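Chemist: Heads up: the sequence shown is residues 1 to 225, going by the working numbering. Below are the structure tokens for one structure; questions will follow.
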Amino acid sequence: MIQLTFLGHSGWLIQKDAYHLLIDPFLESNPAAKNRASDVKADFIIVTHAHGDHLGDAIPIARRTGAIIISNFEITQFCEKHGAKTHGMHIGGSHEFPFGKIKLTPAWHGSSFPDGTYGGTPAGCLITMDGKTIYHAGDTGLFMDMQLIGEMNPIDLALLPIGDNFTMGIPDAVKAVSLLKPKMVIPMHYNTFDIIKADPEDFISKIKQPGVTAQVVNPGQSVQL
Ligand code: NI
Ligand code: MN
1 MIQLTFLGHS GWLIQKDAYH LLIDPFLESN PAAKNRASDV KADFIIVTHA
51 HGDHLGDAIP IARRTGAIII SNFEITQFCE KHGAKTHGMH IGGSHEFPFG
101 KIKLTPAWHG SSFPDGTYGG TPAGCLITMD GKTIYHAGDT GLFMDMQLIG
151 EMNPIDLALL PIGDNFTMGI PDAVKAVSLL KPKMVIPMHY NTFDIIKADP
201 EDFISKIKQP GVTAQVVNPG QSVQL
């Protein structure tokens with residue numbers, strides 16, 4: 001069984017057996033976060049891109065827990081310099097970790113660090129564990145290759161940004177669902193700040209894809225796969 005807890009914004013804690021996998025742990029500066037960087041558990045941390053609302057507290061959490069940061073090569077080089085253990089990958093590459101398999105997927109976005117350092121290309125990721133596949137889109141606009149991702153990977157759960165301005169808004173995220181064909185969808189990257197205000201119920205009501213269930217998960221809440 002896999003348990004996913006929403007940390008707010010694009011942040012997730014995925015628990016499987018004894019493993020704690022964090023994605024984009026933006027906690028201390030996140031007004032919506034219910035968890036603290038000082039006490040969250042982690043064995044592995046996926047960082048989709050270098051923007052502050054995704055890199056977040058990954059480095060201090062990795063230094064405290066000994067967790068391995070999984071990200072693109074440029075981001076892992078930066079994190080190594082700041083004292084974190086890492087595993088560098090890049091778009092299109094996959095790797096088998098003790099908890100399951102990670103594949104980095106494209107995302108249309110930027111990826112500079114808060115200090116302006118080059119952060120490589122932004123990514124999404126496919127996580128396959130326990131026979132289930134989770135797609136975290138990262139920050140991205142809509143792109144047609146989502147159809148390819150959906151064709152080649154039976155997606156059990158898609159985590160999609162809907163907040164507009166920096167990423168897909170609701171109409172594009174609805175189209176993304178029809179390309180990805182996941183069994184379940186949870187929206188993210190909305191309402192953290194005024195500039196990305198969106199109504200997740202409006203998103204869910206617009207998904208007409210047969211066989212897809214969509215669910216709003218609030219920060220601090222969990223779902224099981
Ligand atoms: Ni971003
Ligand atoms: Mn973002």
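Heads up, the beta-carbon is just placed ideally off N, CA and C, and yes, glycines get one too. None of these values were measured; they are calculated from a predicted model.
Among Gly120, Asp139, Ile155, whose alpha-carbon lies nearest the alpha-carbon of Met184?
Modeler: Ranking the options by Cα distance to Met184, first place goes to Ile155.
Chemist: Leu104 and Asn153 - do their beta-carbons sit closer together than 9 Å?
Modeler: It is not a contact, given that the beta carbons lie outside the stated cut-off.
Chemist: Just jot down, in chain order, the residues whose CB lies closer than 7 Å to any heavy atom of ligand 1.
Modeler: Qualifying residues come out as His49, His51, Asp53, His54, His109, Gly110, Pro122, Asp139, Phe166.
Chemist: For the stretch 45-107, list the beta strand (DSSP E) runs that are entirely contained and at least 3 residues long, ordered along the chain.
Modeler: Counting only runs of 3 or more, we get 68-72, 85-89, 94-97, 100-106.
Chemist: Would the stretch 10-27 and the stretch 77-91 be scored as touching if the rule is three or more Cβ pairs under 8 Å?
Modeler: Because the criterion of three Cβ pairs below 8 Å is not met, the stretch 10-27 and the stretch 77-91 do not touch.
Chemist: Taking its Cβ as the centre, do 16 or more other Cβ atoms sit within 10 Å of Ile195, making it buried, or is it exposed?
Modeler: Ile195 comes out exposed.
Chemist: Buried or exposed: which applies to Asp139, given that a residue is buried once 16 or more other Cβ atoms fall within 10 Å of its Cβ?
Modeler: Buried is the call here.
Chemist: Distance, Cα to Cα, Thr117 vs Gly211?
Modeler: Approximately 43 Å between the Cα atoms of the pair.
Chemist: Could you tell me whether any non-hydrogen atom of ligand 2 is closer than 8 Å to the CB of Ser205?
Modeler: No, ligand 2 has no heavy atom inside 8 Å of this Cβ.
Chemist: What does the Cβ neighbour count give for Pro197, buried or exposed, with the cut at 16 atoms within 10 Å?
Modeler: It should be noted that the sequence gives Lys, not Pro, for residue 197. Exposed, since its Cβ has fewer than 16 Cβ neighbours within 10 Å.
Chemist: Shortest alpha-carbon distance to Ala32 belongs to which of Leu225, Val217, Met129?
Modeler: For Ala32, the nearest C-alpha among the options comes from Val217.
Chemist: Ligand 3 heavy atoms versus the CB of Gly120: any closer than 8 Å?
Modeler: This structure does not include ligand 3; its bound ligands are ligand 1 and ligand 2.
Chemist: Relative to ligand 2, is the shortest distance from any of its heavy atoms to the C-beta of His9 smaller than 8 Å?
Modeler: Within the cutoff, so yes.
Chemist: Since Leu148 is in the alpha helix (DSSP H), which residue starts that stretch and which ends it?
Modeler: Taken as a continuous stretch (DSSP letters only), the alpha helix (DSSP H) holding Leu148 covers 146-152.
Chemist: Exposed or buried, which one is Glu74 when buried takes at least 16 other CB atoms within 10 Å?
Modeler: With 16 or more Cβ atoms within 10 Å of its Cβ, Glu74 is classed as buried.
Chemist: Here's a check: name, in chain order, each residue in its chain whose Cβ is nearer than 6 Å to the Cβ of Asp43, leaving out the five neighbours to either side.
Modeler: The residues are Tyr19, His20, Ala67.
Chemist: Using a threshold of 8 Å, is the CB atom of Asn136 nearer than that to any non-hydrogen atom of ligand 2?
Modeler: In the sequence on display, residue 136 carries His and not Asn. Not under cutoff, so the answer is no.
Chemist: Candidates His51, Leu180, Val174, His189: which alpha carbon is nearest Pro161's?
Modeler: Looking at the Cα atoms, His189 is the closest of the given residues.
Chemist: What is the residue span of the alpha helix (DSSP H) that Ile170 lies within?
Modeler: Run containing Ile170: 170-180, per the alpha helix (DSSP H) assignment.
Chemist: Note down the Cα distance separating Phe143 from Gln215, rounded to an integer number of angstroms.
Modeler: Whole-angstrom Cα-Cα distance: 23 Å.
Chemist: CA-CA distance, Ile69 and Lys85?
Modeler: Roughly 6 Å between the two C-alpha positions.
Chemist: Do Gly220 and Lys34 have their C-beta atoms closer together than 9 Å?
Modeler: The answer is yes: Cβ separation under 9 Å.
Chemist: Could you name the residues of the same chain whose beta carbon sits closer than 6 Å to that of His87, not counting the 5 residues immediately before and after it, in chain order?
Modeler: Cβ within range, chain order: Ile68, Ile70.
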